[in-house]
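Colleague: Residues -18 to 908 in the working numbering are what the sequence shown spells out, letter by letter. The C-beta atom is built at its ideal place from N, Cα and C for all residues, glycine as well.
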Amino acid sequence: MARFLPRPLFCLPAATLCCTLLLPLLTACHDAQSSASLLADAQQYRQKGEARAAIIQLKNLLQKEPDNAAARLLLGSIYIDTGEALSAEKELRKAKALGLASQQVMPLLGKAWLMLGQFDKVLAEIANDAALPASVLALRGDALLALGRRDEARALYSRLLEAHPDQVEALLGLARLAALAQQVPAAELLLAQALTSAPANLDALRLHGDLLRLQGQNGAARRAYMQILKIKPDNTQAHIDLANLDIVENRYREAAAQLATARKTAPNSLGLLQTQALLDFRQGKNKAALQGLQLVLKAAPDHMPSILLAGAVQLALGSPQLAESYLQRFLAAYPKHLYAVKMMASIELRRGKTGAAIAMLEAMLAAFPEDVELLSLAGEAHLRARQYDKASAYFEQASTLAPDTARLHAALGISRLGMGENSRAIDELERASMLDRSTPQAGTMLVMTLLRNKQNDKALASVNMMEQQQKGTNPLLLNLKGGVYLALHDLPAARASFQQALGMDPVYLPALNNLAQIDLAEKKPEQAKQRFERALAKAPKNADLCAALAKLAASQGKPDEARRWLERAHRDNPDAVAPALLLSNFYLKTGAPDKALELARTLQTGHPGDADALALRAQVEYSAGQAPAALDSYNKLASIQNSSAPLQMRIASLHLALGDHHNALQAVKRAQTLDPTLLEARVVEVAMLLNLNRQREALAVARQVQQQQPGLAAGYKLEGDVLMEQKLPQQAVKLYQHAFGISPIGPLQVQLYRALQAAGQSRDADMGMAAWLNAHPEDLSTRTYLAGMLLEARQYRAAIGHFQYIVAREAGNVVALNDLAWAYLQENDPRAQATAEQALKLAPDNPSVLDTLGWILLQQGDIQHAMPLLRKAAGLAPTSSEVQYHLAAALAKAGDKGGARRQLQQLLAANKDFPQRAEAQALLTRL
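See the structure below:
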């Protein structure tokens, strides 16, 4: 994904753009000087542009005379000049409290509030009174403009100009409004008029620079800012503006020098801190950037440039939830800000909310149809939504505008792959690889695509070219080359490439894993183990290497050794979530849920605000079967990740497990509110409403899905489900047929088959199913369903054919083997026992498998071997009536009439209907 970098906020008033932070008070003792002398010195220093010296003199004066209103007013005015808004406001308030006239204080105090982003305070304190000076009323216009109330601001500025045609602040306000409307020529005319009236006005000169930057004329903008420094050499904001220009042009050293100069005048200015944070961000120093921004926002919580940058920094730090909170605040003030919308869309994509991202991006594309980054993001969003044709269209537009951008051609190649256009995809990936030879991502995708297409020789040629371009310094390329040699069945060359990669990086895990796989294929597990151990000796606390050794040990049937490696990884990295997660999952799988819970809870207690640690605890509690505790943990997690729709779906499943259908439904509805495009939530809601016998509501939801997403099959399928529940299969058939026409997939074929059978159209059902399987012979899921239906209908010969087809392709399919054995038994096929025994080897504790083999042996008269199998099956499946009946029949055959009678009486007393009920009743009568 493209990384977007903040641009200057030209839309904000000049005063807002130069907000600054409180400067430490510098004091000195000059008791020998009189107050009047100190005040005169301060004024002279100010006139000479020596603001720090003036501030020191005024602080000395105020030590002697704290109630000197003139000194307070002058100090506040100097702080305005240096951009120290908090200090300015403090001094000016004191000056006003000491009795200075409002007309002296309010123009300066209003500027301080604007610089702090306290726009509502400006409107509250400065009335819309025509009797006020024009310069004061213009501050009210600036506040309206900053709050987005453009029409009111325009009306106020226009009214001021009617009374005072050359009023500079009003002219500048109207110029900013024109710039916001992208009417740059009109803005320039207004600005020229202002400069004619006041050629040395610093706000006008700065706006001139801003307008030039807006048009991409950075050189001219630089000269405009330099003009400010000629007039006022110690102007902090001019140095900050020059630093911003340097940052945009990636001149980081020059930017740092400009900021160092500004720091001499105002070391803790808000504008300085914010620009330093921007510089840190652009250089990848995200933690330093965040620290600076926190200082700014502590002093000025509504400083919009810093709020925007804080969102970008949090996103770069991997905290999308915190990033989103900042961006929401910013977008509430500037809903159509391009950069902010791009970041918010990228967050939505990270969370899998492709629909929300697409809606956001397409709305912006209407205003910015040729923004390459926007087009690229829209392409990525459609790519993730598997809308490959739309994705390709956006990527093509972007690559036309930026034909030499490698990542766009790479993305276009991926979208072509999704459309099945392999040849065109390879062309795009090759072009991307040629455009960017410094990084191997596009080339890697090209090689992987060629390998998938079985073009192994071309893949080798591509990776060789990449290796030459990189001059053999990248272990990733050597590992990739080894993979190509594996595809070419050249094992020695593959091994050599992987070893070369390790020569560059001895702990490069992908190459280690590949060499270990070769060792295992050659039946040399100890050699694989030694490889990992040698690497671990070089990086003793590497958790990934410990995990690899644990995986190797587990594959060799050594659980104790696997546990020791995972415990070491956690011990050496006690604060890391990933090793704790692996170890807790291992404890769960090996029957130690208490250890898993203790580990997860200890980690979470040590990191109470860490979402990953809390998620681990919730997951372990859920896996350990502690539904109430897991629900509590997930609810706490939801309070942190309050925009996660999938999390609400997990909460819904836990409520369901606890039998709380009301709260489960509420959680599903919350998920829908968070992500209206989350189809899973709609599907679950319909299923829940049907379980609650609220069919009318379920039907309304299904039709709502149809209205919102008419091009998807889901809404019609859901309505078909409701109609089936209402015993209206004939109507359901039409809905399923419509859904199948939109999306011809196996699950919908199954639903259609079921509805046709229920509607009495068995011939149509069978023909449709046969046609589907002929066209999609490898759709084993649909074939399994059909075989099961045939088995239930006692069409054993037909069922056998399908089950045989399935197990021939999936030898480890326990369900198919077990059902095949049962079908063989019904047909008196001698293969029944061997097939059931094969299933038992794969699943020795599965009650259905145990029951099938036990029943087969019982029918063959082998009571001795049948009985333990049937007893174990009955113990594992106490609620299965068929399994319990089989045990009763075995007891009767074994001569244990009392045991058989008790078994049957208990079974029949449950008053539960099951296929063998009549046989059980007859057997009990005979006993």
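#1: Hey, glycine 464 and alanine 474: beta-carbon distance below 9 angstroms or not?
#2: When the Cα atoms are used, what is the spatial distance from serine 862 to serine 829?
#3: State the start and end residues of the unbroken alpha helix (DSSP H) segment that holds serine 139.
#4: Does the beta-carbon of aspartate 843 have 16 or more other beta-carbons within 10 angstroms, so that it is buried, or is it exposed?
#5: In terms of residues, what are the limits of the alpha helix (DSSP H) holding aspartate 184?
#6: Spatial neighbours of leucine 128 within its chain, please: CB distance less than 7 angstroms, with the 5 preceding and 5 following residues excluded, ordered by chain position.
#7: DSSP three-state label for aspartate 745, please.
#8: Can you look up glycine 336 in the DSSP assignment and give me helix, strand or coil?
#9: Proline 47 by DSSP, collapsed to three states: which one?
#10: Between the alpha carbons of glutamate 602 and leucine 637, how many angstroms are there, rounded?
#11: Spatial neighbours of threonine 217 within its chain, please: CB distance less than 8 angstroms, with the 5 preceding and 5 following residues excluded, ordered by chain position.
#12: Of all the beta strand (DSSP E) runs that stay within the bounds of the segment 538 to 615, which reach a length of 3 or more residues?
#13: With distances taken Cα to Cα, identify the nearest neighbour of valine 165 among Asn460, Leu192 and Leu382.
#14: Secondary structure at valine 322, three-state DSSP: helix, strand or coil?
#15: Quick one: grab the DSSP three-state call for glycine 292.
#16: Do you know whose CA, among Ala366, Arg790, Val788 and Leu767, lies nearest alanine 779's CA?
#17: Can you tell me whether leucine 906 is buried or exposed? The criterion is at least 16 other CB atoms within 10 Å of its CB, across all chains shown.
#18: Which runs of the alpha helix (DSSP H), 4 residues or longer, sit entirely within the segment 224 to 286?
#19: In angstroms, rounded to a whole number, what distance separates the CA positions of proline 627 and glycine 606?
#20: Taking its Cβ as the centre, do 16 or more other Cβ atoms sit within 10 Å of proline 384, making it buried, or is it exposed?
#21: Along the alpha helix (DSSP H) that carries alanine 708, what are the first and last residues, could you check?
#22: Please work out which residues of its chain come closer than 6 angstroms, Cβ to Cβ, to aspartate 12, disregarding the five sequence neighbours upstream and downstream, and give them in chain order.
#23: Count the CB pairs spanning the segment 724 to 742 and the segment 754 to 768 that are closer than 8 angstroms, and state whether there are at least three.
#24: What's the gap between the Cα of alanine 592 and the Cα of alanine 179?
#25: Pick out whichever of Thr586, Leu188 and Asn267 has its Cα sitting closest to the Cα of leucine 290.
#26: What would DSSP say about alanine 111, mapped onto helix, strand or coil?
#27: Give me the Cα-Cα distance between glutamate 808 and alanine 648, rounded to the nearest whole angstrom.
#28: Among Leu704, Pro560, Asp222 and Glu661, which has the Cα closest to the Cα of glutamate 678?
#29: Can you tell me where the alpha helix (DSSP H) holding threonine 816 begins and where it ends?
#30: In the DSSP assignment, find the alpha helix (DSSP H) that holds leucine 935 and state where it starts and stops.
#31: Using the rule of at least 16 other Cβ atoms within 10 Å of the residue's Cβ for burial, across every protein chain shown, is leucine 4 buried or exposed?
#32: Starting from the Cα of leucine 158, find the closest Cα among Leu176, His145, Ser139 and Pro146 and give me that residue.
#33: Beta-carbon separation of leucine 39 and leucine 56 under 9 angstroms?
#34: For glutamate 448 and leucine 458, which I take to be in contact (beta-carbon distance under 8 angstroms), what is that distance rounded to the nearest angstrom?
#35: Hey, how far is the Cα of arginine 917 from the Cα of threonine 658?
#36: For isoleucine 632 and leucine 584, what's the separation of their Cα atoms in angstroms?
Modeller: According to the data block:
#1: No. Outside cutoff.
#2: If you draw a straight line from the Cα of serine 862 to the Cα of serine 829, it comes to about 12 angstroms.
#3: Per DSSP, serine 139 belongs to the alpha helix (DSSP H) from 131 to 144.
#4: Answer is exposed; the Cβ neighbour count stays below 16.
#5: 183 to 195 is the extent of the alpha helix (DSSP H) around aspartate 184.
#6: Closer than 7 angstroms at the Cβ level, and outside the excluded window around leucine 128, lie Phe100.
#7: The DSSP-derived three-state label of aspartate 745 is helix.
#8: Of the three classes helix, strand and coil, the one that applies to glycine 336 here is helix, per DSSP.
#9: Residue state for proline 47 is assigned as coil, using DSSP reduced to three classes.
#10: Spanning the two alpha carbons is a distance of roughly 16 angstroms.
#11: Excluding positions up to five away in sequence, the list reads Cys(-1), Thr1, Thr63, Gly64, Ala243, Thr246, Ala247, Ser250, Gly252 and Leu253.
#12: Within the segment 538 to 615, no run of beta strand (DSSP E) reaches 3 residues while sitting entirely inside it.
#13: With respect to the C-alpha of valine 165, the residue from Asn460, Leu192 and Leu382 having the closest C-alpha is Leu192.
#14: If DSSP states are grouped into helix, strand and coil, valine 322 belongs with the helices.
#15: Residue state, collapsed to three classes: helix.
#16: The residue from Ala366, Arg790, Val788 and Leu767 with its alpha-carbon nearest to that of alanine 779 is Leu767.
#17: A small fix is needed here, since residue 906 is threonine in this sequence, not leucine. With fewer than 16 other Cβ atoms from the protein chains shown falling within 10 Å of its own Cβ, threonine 906 counts as exposed.
#18: The segment 224 to 286 contains these whole alpha helix (DSSP H) runs: 233 to 246, 251 to 263 and 267 to 280.
#19: Taking C-alpha positions only, proline 627 is separated from glycine 606 by approximately 20 angstroms.
#20: An exposed status is given to proline 384, since fewer than 16 other beta-carbon atoms sit within 10 Å of its beta-carbon.
#21: The amino acid at residue 708 is misidentified as alanine; the sequence shows lysine. Note, lysine 708: premise wrong, no alpha helix (DSSP H); not H, not E.
#22: Because the pLDDT of aspartate 12 is 47, which lies under 50, any placement of that residue in the model is unreliable, and the question is left without a value.
#23: The segment 754 to 768 and the segment 724 to 742 touch, with three or more beta-carbon pairs separated by less than 8 angstroms.
#24: Rounded to whole angstroms, alanine 592 and alanine 179 show a C-alpha spacing of 56 angstroms.
#25: With distances taken between Cα atoms, leucine 290 lies closest to Asn267.
#26: In this structure, DSSP gives alanine 111 a state outside helix and strand, which the three-state scheme calls coil.
#27: Distance between the alpha carbons of glutamate 808 and alanine 648 is about 50 angstroms.
#28: Measuring from the Cα of glutamate 678, the nearest candidate turns out to be Leu704.
#29: Counting along the chain, the unbroken alpha helix (DSSP H) around threonine 816 starts and ends at 813 to 823.
#30: The structure shown has nothing for residue 935, since the chain only spans -18 to 908.
#31: Note that leucine 4 scores 26 on pLDDT, short of 50, meaning its location in the model is unreliable; the coordinates nonetheless yield the value given after this. Classification of leucine 4: buried, given that the 10 Å Cβ count is 16 or more.
#32: Relative to the Cα of leucine 158, the nearest Cα in the group Leu176, His145, Ser139 and Pro146 belongs to Ser139.
#33: Inclusion of leucine 39 and leucine 56 in the CB contact set at 9 angstroms is warranted, their separation being smaller than that value.
#34: The C-beta distance from glutamate 448 to leucine 458 rounds to 5 angstroms, short enough to fall under 8 angstroms.
#35: What is shown of the chain runs -18 to 908, which leaves residue 917 out entirely.
#36: Cα-Cα distance, rounded: 22 angstroms.
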